[in-house]
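**Student:** In our numbering, the protein residues as written are -17 to 264. The C-beta atom is built at its ideal place from N, Cα and C for all residues, glycine as well.
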Ligand code: SF4
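1. Please enumerate, following chain order, all residues with a beta carbon closer than 7 Å to at least one heavy atom belonging to the ligand SF4.
2. Quick one: give me the first and last residue of the beta strand (DSSP E) that residue -5 is part of.
3. Taking only three categories from DSSP, how would you classify residue 16?
4. Going by C-alpha distance, which of 113, 96, 139 and 85 is nearest residue 127?
5. So the alpha helix (DSSP H) residue 107 belongs to, where does it begin and stop?
6. Quick check on the burial criterion: 16 or more other C-beta atoms within 10 angstroms. Buried or exposed for residue 136?
7. So what's residue 126 in DSSP terms, helix, strand or just coil?
8. Go ahead and pull the three-state DSSP assignment for residue 185.
9. Using the C-alpha atoms, what's the distance from residue 165 back to residue 53?
10. Shortest alpha-carbon distance to residue 303 belongs to which of 181, 130, 51 and 185?
11. Is it the case that the stretch 83 to 94 contacts the stretch 18 to 33, given that we only count it when at least three CB pairs across the two stretches are under 8 Å?
12. Relative to the C-alpha of residue 62, which residue among 19, -4 and 257 is closest?
13. Output needed for residue 125: all residues of its chain with C-beta closer than 7 Å, excluding positions within five of it in sequence on either side, in chain order.
14. Between 186, 75 and 243, which has its C-alpha nearest residue -2's C-alpha?
15. For residue 193, report the span of its alpha helix (DSSP H) as first-last.
16. Using the beta-carbon count (16 or more within 10 Å), is residue 248 buried or exposed?
17. Expressed to the nearest angstrom, what Euclidean distance is found between the alpha-carbon atoms of residue 83 and residue 106?
18. DSSP beta-bridge partners for residue 218?
19. Of all the options 34, 133, 210 and 202, which has the alpha carbon lying nearest to the alpha carbon of residue 18?
20. Measuring straight from C-alpha to C-alpha, what distance separates residue 72 and residue 15?
21. Under the three-state reduction of DSSP, which class applies to residue 34: helix, strand or coil?
22. Under 8 Å, Cβ to Cβ, is there at least one residue of chain C near residue 193?
23. With a threshold of 16 other CB atoms inside 10 Å of the CB of residue 81, please say whether the residue is buried or exposed.
24. Using three-state DSSP, classify residue 116 as helix, strand or coil.
25. Expressed to the nearest angstrom, what Euclidean distance is found between the alpha-carbon atoms of residue 158 and residue 168?
26. Among 208, -12 and 144, which has the Cα closest to the Cα of residue 113?
27. Contact between the stretch 230 to 238 and the stretch 44 to 59: three or more CB pairs below 8 Å?
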């Protein structure tokens, strides 16, 4: 089994061939990467993060600058022999307007070469993929690349059909952080759905019914479902629907990671569309 080097439960590792981003939609409001990027530049002096964030009225914000990571970082997946799931660009967006196509070419080649892994490329900008691929002169993506987009609420639900038009062997949706009911989703051409409530400082509430609704829609569409967490015990159905205390719910829910538990109507839903040999996330 591949080792887990990240707390993100649907992957084994994160890999950032480039870093830096800008706010795109409501799901970005409490962007963890933005705060982390600021710390990595100002507390640790990491050169790749230089100029990617700044402080405005006491708040950290992205500047929109995107920087290539070091050569060592760019080639990092090659140094991991064990087959694994690798989340690409946790500190950026692979299809961001300010990222250089040469970096994308390099990163795609790294993915092709590291065929033992599955690379999870998640974006909030699926509308950029087709134009960027055309500009790059490519008509297909590596076979071991899973192409995903984030849908945090119904206002961006049209991202799913845009994603479904891009040729990729596995396409997935991340409905996280779920901040409002997503309504009826178009899951044609989607193979995997991840959902989760928001965690961390200032996390927004969610209705536990949304986790069950998402599961039902996903299974009806024949896709695999992964419910990550409720984000906080105030959103957990054992608390909201059965009146338990946060401590009681935490004792009963096997995902005791302090992020609100993950049982959906009494069971965990942590399925994958497929896994590389030996790879399994937590
Ligand atoms: S797209 Fe992702 S990394 Fe970029 S601002 Fe939004 S949440 Fe943060």
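**Tutor:** The relevant details are as follows:
1. 3, 4, 5, 6, 9, 10, 13, 15, 16, 44, 73, 74, 75 and 106
2. Taking the first residue of the chain shown as position 1, residue -5 is located at position 13. Counting along the chain, the beta strand (DSSP E) containing residue -5 begins and ends at -5 to -3.
3. As a position in the chain shown, residue 16 is number 34, starting the count at 1. DSSP places residue 16 in helix when its eight states are reduced to three.
4. Here the question's residue 127 lines up with position 145 in the chain shown. Comparing Cα positions, the closest option is 96.
5. The residue you call residue 107 lines up with position 125 of the chain shown. Per DSSP, residue 107 belongs to no alpha helix (DSSP H) and is neither H nor E.
6. Counted from its first residue, the chain shown places residue 136 at position 154. With fewer than 16 Cβ atoms within 10 Å of its Cβ, residue 136 is classed as exposed.
7. Indexing the chain shown from 1 puts residue 126 at position 144. Reduced to three states, the DSSP call for residue 126 is coil.
8. In the chain shown, counting from the first residue as 1, residue 185 sits at position 203. Coil, per DSSP.
9. As a working note, residue 53 is residue 71 in the chain shown. As a working note, residue 165 is residue 183 in the chain shown. About 43 Å.
10. With the chain represented from -17 up to 264, any question about residue 303 goes unanswered, as that position is not in the structure.
11. no
12. For the purposes of this step, residue 62 is taken as residue 80 along the chain shown, with counting starting at 1. Taking only the C-alpha atoms, the option nearest residue 62 is -4.
13. On the chain shown, position 143 is the one that residue 125 refers to. Same-chain partners within the cutoff: 151.
14. Numbered from its first residue, the chain shown carries residue -2 at position 16. Cα-wise, what sits closest to residue -2 is 75.
15. Locating residue 193 in the chain shown gives position 211, counting from the first residue. Residues 191 to 202.
16. To locate residue 248, count along the chain shown from 1; it is residue 266. By the 10 Å Cβ count, residue 248 comes out exposed.
17. The residue given as residue 83 occupies position 101 in the chain shown. The residue given as residue 106 occupies position 124 in the chain shown. Using only the alpha carbons, I get a separation of about 18 Å.
18. Counting from one through the chain shown, the residue named residue 218 turns up at place 236. According to DSSP, which records beta bridges pairwise, residue 218 is partnered with nothing at all.
19. Residue 18 sits at position 36 when you count from the first residue of the chain shown. For residue 18, the nearest C-alpha among the options comes from 34.
20. In the chain shown, residue 72 corresponds to position 90, counting from 1. In the chain shown, residue 15 corresponds to position 33, counting from 1. Each residue's Cα considered, the two are about 7 Å apart.
21. Indexing the chain shown from 1 puts residue 34 at position 52. Residue 34 falls in the coil class under three-state DSSP.
22. In the structure shown, chain C does not exist; there is a single protein chain.
23. By one-based count along the chain shown, residue 81 stands at place 99. It is buried - the Cβ of residue 81 has at least 16 other Cβ atoms within 10 Å.
24. By one-based count along the chain shown, residue 116 stands at place 134. Reduced to three states, the DSSP call for residue 116 is helix.
25. Position 176 of the chain shown, counted from the start, is the residue given in the question as residue 158. Position 186 of the chain shown, counted from the start, is the residue given in the question as residue 168. Looking at the two C-alpha atoms, the distance is approximately 17 Å.
26. Here residue 113 corresponds to residue number 131 of the chain shown, with the count starting at 1. Comparing Cα-Cα distances from residue 113 to each of 208, -12 and 144, the minimum goes to 144.
27. no
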